[in-house]
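*Asks:* What follows is a structure written as structure tokens; I'll ask about it next.
See below:
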């Protein structure tokens with residue numbers, strides 16, 4: 094069988110067109126790869142399911158957002174050492190009732206009464222934060238009470254290995270709100 098007899102004008106042109114199509118599309122795709130930017134995408138077109146885990150880094154975020162994204166911690170995990178967690182509380186209680194403040198995860202070491210410091214809205218020598226900006230030194234829970242009588246009735250009520258991420262303060266009665274911070278040792 095001779096190749097020359099199979100080489101017709103139609104075969105040559107169709108092969109050439111196929112070659113140009115493959116090279117052209119591949120070349121265009123490679124060209125477009127570096128040319129498509131965020132302005133070319135519809136708003137909300139890229140969803141989290143389209144992004145591989147670990148591909149978004151702090152450098153990819155707008156500067157004002159970089160400090161706001163925290164690593165996720167499960168409520169069943171220990172709070173990582175050195176990490177500060179904060180929260181707010183709002184409650185009413187009669188004298189002798191329990192006011193409950195929940196940490197978002199377990200403390201890595203059991204908390205004791207001496208680890209919980211209740212202050213007014215502006216803190217004290219150990220707890221230097223405030224109601225608006227709560228802080229805590231390592232191993233301490235600082236409670237910044239913004240409303241309600243603090244008094245000497247605030248005490249740690251207890252914990253165990255199953256729920257030591259929850260601590261209780263027993264206030265004298267009234268309406269209470271404030272903020273708290275805990276830094277894992």
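In my numbering, the protein residues as written are 94 to 278.
Glycine included, every Cβ here is placed at the ideal spot set by N, Cα and C.
Note that the structure is a prediction, hence the values are computed from the model and not measured.
Leaving out five residues on either side along the sequence, give the residues of the same chain with a beta carbon under 6 Å from the beta carbon of residue 176.
*Replies:* Within the chain shown, residue 176 is the residue found at index 83, counting from 1. 277.
*Asks:* Hey, quick one: how far does the beta strand (DSSP E) through residue 210 stretch, first residue to last?
*Replies:* Walking along the chain shown from the start, residue 210 turns up at place 117. Note, residue 210: beta strand (DSSP E), 209 to 212.
*Asks:* Beta-carbon of residue 156 versus every beta-carbon of chain B: anything under 7 Å?
*Replies:* In the structure shown, chain B does not exist; there is a single protein chain.
*Asks:* Assuming residue 224 contacts residue 180 under a Cβ cut-off of 8 Å, what Cβ separation, rounded to an integer in Å, is found between them?
*Replies:* Looking up residue 224 in the chain shown gives position 131. Looking up residue 180 in the chain shown gives position 87. Actually they do not touch by this definition, with Cβ atoms about 12 Å apart.
*Asks:* Report the rounded CA-to-CA distance for residue 145 versus residue 192, giving the unit in angstroms.
*Replies:* Here residue 145 corresponds to residue number 52 of the chain shown, with the count starting at 1. Here residue 192 corresponds to residue number 99 of the chain shown, with the count starting at 1. Roughly 42 Å separates the two Cα atoms.
*Asks:* Within its chain, find whatever has a CB closer than 6 Å to the CB of residue 102; leave out the 5 residues flanking it on each side and keep chain order.
*Replies:* Here the question's residue 102 lines up with position 9 in the chain shown. So no residue of the chain qualifies.
*Asks:* Give the C-beta separation of residue 240 and residue 269 to the nearest angstrom, bearing in mind that I take them to be a contact with Cβ-Cβ under 8 Å.
*Replies:* Indexing the chain shown from 1 puts residue 240 at position 147. Indexing the chain shown from 1 puts residue 269 at position 176. Residue 240 to residue 269, Cβ: 6 Å. Contact.
*Asks:* Could you check where the beta strand (DSSP E) with residue 170 kicks off and where it finishes?
*Replies:* Looking up residue 170 in the chain shown gives position 77. From DSSP, residue 170 is part of no beta strand (DSSP E); its letter is neither H nor E.
*Asks:* Where does residue 100 land, buried or exposed, given buried means 16+ other C-beta within 10 angstroms?
*Replies:* Start at 1 with the first residue of the chain shown, and residue 100 comes out as number 7. The residue is exposed, with fewer than 16 neighbouring Cβ atoms inside 10 Å.
*Asks:* Mapping DSSP to helix, strand and coil, what is residue 184?
*Replies:* Taking the chain shown and counting its residues from 1, the one referred to as residue 184 is at position 91. Three-state result, residue 184: strand.
*Asks:* May I have the straight-line CA-CA distance separating residue 137 from residue 143, to the nearest angstrom?
*Replies:* In the chain shown, the residue the question calls residue 137 occupies position 44. In the chain shown, the residue the question calls residue 143 occupies position 50. Distance between the alpha carbons of residue 137 and residue 143 is about 11 Å.
*Asks:* By how many angstroms is the C-alpha of residue 213 removed from the C-alpha of residue 205?
*Replies:* Within the chain shown, residue 205 is the residue found at index 112, counting from 1. Within the chain shown, residue 213 is the residue found at index 120, counting from 1. Cα to Cα, the separation comes out at about 20 Å.
*Asks:* What's the call for residue 227, buried or exposed, on a 16-neighbour Cβ count within 10 Å?
*Replies:* Walking along the chain shown from the start, residue 227 turns up at place 134. It is buried - the Cβ of residue 227 has at least 16 other Cβ atoms within 10 Å.
*Asks:* Is the beta carbon of residue 208 closer than 7 Å to that of residue 234?
*Replies:* Here residue 234 refers to the residue found at position 141 of the chain shown. Here residue 208 refers to the residue found at position 115 of the chain shown. Contact: yes.
*Asks:* When we look at the beta-carbon of residue 211 and count the other beta-carbons within 10 Å, is it buried (16 or more) or exposed?
*Replies:* The residue you call residue 211 lines up with position 118 of the chain shown. So residue 211 ends up on the buried side.
*Asks:* Excluding the 5 residues flanking residue 245 on each side, which residues of the same chain have their C-beta closer than 6 Å to its C-beta?
*Replies:* Here the question's residue 245 lines up with position 152 in the chain shown. Any reading at residue 245 must be qualified, since the residue scores a pLDDT of 48, below 50, and its modelled position is unreliable; the value itself is stated next. Counting only Cβ-Cβ distances below 6 Å, and skipping sequence neighbours, we find nothing.
*Asks:* For residue 194 versus residue 182, is the C-beta distance shorter than 7 Å?
*Replies:* Taking the first residue of the chain shown as position 1, residue 194 is located at position 101. Taking the first residue of the chain shown as position 1, residue 182 is located at position 89. Cβ atoms of residue 194 and residue 182: closer than 7 Å.
*Asks:* Are the CB atoms of residue 170 and residue 188 within a distance shorter than 7 Å?
*Replies:* Along the chain shown, one-based indexing puts residue 188 at 95. Along the chain shown, one-based indexing puts residue 170 at 77. When the beta-carbon positions are compared, residue 188 and residue 170 stay at least 7 Å from each other.
*Asks:* Is residue 272 helix, strand or coil by DSSP?
*Replies:* Sequence index remark: in the chain shown, residue 272 carries index 179 (1-based). Looking at residue 272 - three-state DSSP - the assignment turns out to be strand.
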